[in-house]
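K.L.:
Before anything else, here's the structure in question.
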Amino acid sequence: MESKYDYVVFDIETTGLHPDSDQICEIAAIGVKDGLPQGTFSTLVAIEGAMPEAAGRVNGITDDMLKGAPAIGDALDAFLDFIGDDAVLAGHNIVSFDIPFVANAAAKSGRVFIYPYVIDTLEAARELWPDLPGRSMDSLRGILGIERTDAHRALADCYDELAVLNAELSVIMQSYARKMDYCRGELLRIAGEITEEIGE
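All residue numbers for the sequence shown refer to full-length UniProt numbering, where the first residue is 1 and numbers rise by one.
Written as structure tokens, this is what we have:
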């Protein structure tokens, strides 16, 4: 069966930095097909206890906002239904942060979260621009001329990450095109030399 999307950009907001002890408080995603957003998903997630003050300052999420939000299991069910069974997941630093958080929350709530195909814009930036002093979303936005949205809310971050990903893909395609032009030129040169030798 054909995938719903070519890839899904996703982002989470959390109560802290540690998947084993902190909680997800927001999940968002953008389904992308043929390079364009085709659907969005966003939900706040109920947490146990109060929102830590430090986390609230970063993500802007308050305890009042979380009243009536779905439990993590229900939020994950909706998220997994949105992305589909064989999604390619994309995002910034998702290999080290978002995916471990979601996988841990899924395991604790009796769900399975195994998606082997991942595009991490942070890892891509390390390959494309190894000399950059920083590769945070703020740094990449500035370098690539991407206007800042409502940073540190999950869906807004998804749109920023999609813009960065598209910019990275453009750089990769331009590099690929240059290499193809070079290879084509070399093949023509070699073919010309062979033709001359045959003519002799």
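Note that beta-carbon positions come from the ideal geometry of N, C-alpha and C, so glycine has one too.
Could you tell me which whole alpha helix (DSSP H) segments of length 4 or greater appear in the region 50-117?
P.N.:
53-59, 63-66, 72-83, 99-108
K.L.:
What is the C-beta distance between A124 and E161, in whole angstroms, given that I count them as a contact (C-beta under 8 Å)?
P.N.:
On the sequence shown, residue 124 is found 124 positions in, with the first residue counted as 1. On the sequence shown, residue 161 is found 161 positions in, with the first residue counted as 1. About 11 Å separates the beta carbon of A124 from that of E161, a gap too long to meet the 8 Å contact definition.
K.L.:
Tell me which same chain residues have a C-beta within less than 6 Å of the C-beta of M46, skipping the five on either side of it?
P.N.:
As a working mapping, residue 46 is identified with position 46 in the sequence shown. First, the residue type needs correcting, since residue 46 is Ala and not Met in the sequence shown. Cβ within range, chain order: L66, A69, A71.
K.L.:
Following the continuous alpha helix (DSSP H) through T121, name the residue where it begins and the one where it ends.
P.N.:
In the sequence shown, the residue the question calls residue 121 occupies position 121. From DSSP, the alpha helix (DSSP H) with T121 extends over 121-128.
K.L.:
According to DSSP, is V45 helix, strand or coil?
P.N.:
Residue mapping note: residue 45 aligns to position 45 of the sequence shown, counting from 1. In this structure, V45 counts as coil in the three-state DSSP scheme.
K.L.:
Please report the Cβ distance between I146 and A163, rounded to the nearest whole angstrom; I am assuming they are in contact, meaning their Cβ atoms lie under 8 Å.
P.N.:
Start at 1 with the first residue of the sequence shown, and residue 146 comes out as number 146. Start at 1 with the first residue of the sequence shown, and residue 163 comes out as number 163. Right, the Cβ-Cβ distance comes to about 5 Å (below 8 Å), so this counts as a contact.
K.L.:
What did DSSP end up calling E26 once you bin it into helix, strand or coil?
P.N.:
Start at 1 with the first residue of the sequence shown, and residue 26 comes out as number 26. In the structure shown, E26 adopts extended strand secondary structure according to DSSP, grouped into three states.
K.L.:
Between which two residues does the alpha helix (DSSP H) holding I12 run?
P.N.:
The residue you call residue 12 lines up with position 12 of the sequence shown. No alpha helix (DSSP H) holds I12; the beta strand (DSSP E) holding it covers 7-14.
K.L.:
Note down the Cα distance separating D6 from D34, rounded to an integer number of angstroms.
P.N.:
The count along the sequence shown starts at 1 and reaches residue 6 at position 6. The count along the sequence shown starts at 1 and reaches residue 34 at position 34. Straight-line Cα distance between these residues: approximately 7 Å.
K.L.:
Using the C-alpha atoms, what's the distance from N166 back to R111?
P.N.:
In the sequence shown, the residue the question calls residue 111 occupies position 111. In the sequence shown, the residue the question calls residue 166 occupies position 166. Distance between the alpha carbons of R111 and N166: 31 Å.
K.L.:
Could you check what DSSP says for L169 in three-state terms: helix, strand or coil?
P.N.:
Here residue 169 corresponds to residue number 169 of the sequence shown, with the count starting at 1. Correct three-state label for L169: helix.
K.L.:
Measuring straight from C-alpha to C-alpha, what distance separates L140 and C158?
P.N.:
The residue given as residue 140 occupies position 140 in the sequence shown. The residue given as residue 158 occupies position 158 in the sequence shown. Within the model, the alpha-carbon separation for L140 versus C158 is close to 14 Å.
K.L.:
Quick check on this structure: which residue in I119, D81, G91 has the alpha carbon closest to the alpha carbon of I12?
P.N.:
Counted from its first residue, the sequence shown places residue 12 at position 12. The option with the nearest alpha carbon to I12 is G91.
K.L.:
Below 8 Å, how does it come out for the region 35-54 and the region 88-103: are there three or more Cβ pairs, yes or no?
P.N.:
no
K.L.:
Comparing alpha-carbon positions, which option in A107, E26, M137 lies nearest D20?
P.N.:
By 1-based counting over the sequence shown, the position of residue 20 is 20. Among A107, E26, M137, the Cα nearest to that of D20 is on A107.
K.L.:
Is I39 helix, strand or coil by DSSP?
P.N.:
On the sequence shown, residue 39 is found 39 positions in, with the first residue counted as 1. Note that residue 39 is Gly in the sequence shown, not Ile. Three-state DSSP puts G39 in a strand.
K.L.:
With DSSP as the reference, identify every bridge partner of V32, one or two as the case may be.
P.N.:
Translated into the one-based positions of the sequence shown, residue 32 becomes position 32. Answer by DSSP bridge pairing, in chain order: Y7, P37.
K.L.:
From this set, S170, E53, T43, D22, which residue's C-alpha is nearest F10's C-alpha?
P.N.:
Here residue 10 refers to the residue found at position 10 when the sequence shown is read from its first residue. The option with the nearest alpha carbon to F10 is T43.
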